[in-house]
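Below is one structure, written out as structure tokens; comments come after it.
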Amino acid sequence: MLYLTNKVFLDLMERERGRNEEWFWFWKKRAWEAYILGLPFIVVYFFRERAWIFGWVEFGGLPSMLCGLIAARSRRDAPKWLDWTALAAIPIGIALSVHDFGGINTVSQWLEIGGSAGFLVGTYLLAKDRQSGYWWFLLMNAATGGLFYIQHHPVFVAQQIVSVAFNLDAYRIRRKAPKVKSVVMNPRPA
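Counting from 1 along the sequence shown, just add 2 to a position and that's the residue number in the working numbering.
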């Protein structure tokens, strides 16, 4: 449920972009906090379901989540070492998934890889304040929703569908938002 709350807060954040800087930063912080607070629950869930790859990939998204939270709290980029760690987690997480599967041979494996890639890349891009992260989240939600459907988890399928609606709305709002410099983060010195 906290992951869905993250999507709602991202949508609210985008609604405030260029309109009210204080509310923008408020919702940005809440979005990343909800994401991080939801992480242990989703990891435990995946481990209990014996979805080891999804569990470890979710955990591998923590550096990107921390980048997003640090950026939201300090209104500046996260430290370079954390950024590099988050970036390294993307290909490592996907490669480990493919390796663990011994290749990709079933529909559920394709869905798990798609969900993993969407999660890792989308989280990283949104932490860097790039709107293309929403498209990766759509891949994540579609793949994960498909996997939950195959596994007969209708509540989680519904949650993915609702997440898609919030992601699409946030992306739509972001595209329409005027290009303003009020939310540009201050980079750290090199």
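Virtual Cβ for every residue (Gly too), placed ideally from N, Cα, C.
Helix, strand or coil at residue i according to DSSP, with G and I counted as helix
| i | result |
| --- | --- |
| Arg-78 | strand |
| Gln-162 | helix |
| Ile-55 | helix |
| Gln-153 | coil |
| Ile-115 | helix |
| Arg-32 | helix |
| Ser-134 | coil |
| Ala-88 | helix |
| Met-142 | helix |
| Met-15 | helix |
| Gly-148 | helix |
| Arg-177 | helix |
| Gly-124 | helix |
| Gly-70 | helix |
| Asn-107 | coil |
| Gly-63 | coil |
| Asn-195 | This structure leaves residue 195 out entirely; the chain is present only between 3 and 192. |
| Tyr-5 | helix |
Own chain residues within Cβ distance below 7 Å of residue i, not counting five before or after
| i | result |
| --- | --- |
| His-154 | none |
| Phe-11 | Trp-29, Arg-32, Ala-33, Ala-36 |
| Ile-92 | Leu-122, Val-123, Tyr-126 |
| Ser-184 | Bear in mind that a pLDDT of 45 at Ser-184, under 50, signals an unreliable position, so the number given afterwards is only what the model happens to contain. Only Gly-20, Glu-23 meet the Cβ criterion. |
| Val-159 | Gly-147, Phe-150, Tyr-151 |
Anticipated Cβ contact below 8 Å, residue i with residue j, distance rounded
| i | j | result |
| --- | --- | --- |
| Phe-49 | Gly-57 | 5 Å |
| Val-164 | Leu-140 | Val-164 to Leu-140, Cβ: 13 Å. No contact. |
| Val-45 | Glu-60 | 5 Å |
| Met-113 | Gly-148 | Contrary to the premise, residue 113 reads as Leu rather than Met in this sequence. At roughly 5 Å, the Cβ-Cβ gap stays under 8 Å, so Leu-113 and Gly-148 are in contact. |
| Ser-205 | Ile-38 | Past the edges of the chain, shown from 3 to 192, lies residue 205, and the structure says nothing about it. |
| Leu-68 | Leu-89 | Not confirmed; about 13 Å, so no contact. |
| Glu-16 | Ala-144 | With a Cβ gap of about 20 Å, Glu-16 and Ala-144 do not count as contacting. |
| Arg-176 | Gln-133 | 5 Å |
Nonlocal neighbours in the same chain, by C-beta distance under 6 Å from residue i, ignoring five residues either side
| i | result |
| --- | --- |
| Gln-2 | Because the chain is modelled from 3 through 192, residue 2 falls outside the range shown and cannot be assessed. |
| Leu-128 | Gly-135 |
| Leu-14 | Trp-29 |
Spatially closest choice to residue i from the options, by CA coordinates
| i | options | result |
| --- | --- | --- |
| Phe-28 | Lys-9, Arg-75, Ile-44, Trp-86 | Arg-75 |
| Ile-94 | Arg-78, Ala-73, Ser-118, Trp-83 | Ser-118 |
| Arg-78 | Lys-130, Tyr-173, Tyr-151 | Lys-130 |
| Leu-64 | Ala-53, Pro-42, Arg-52 | Pro-42 |
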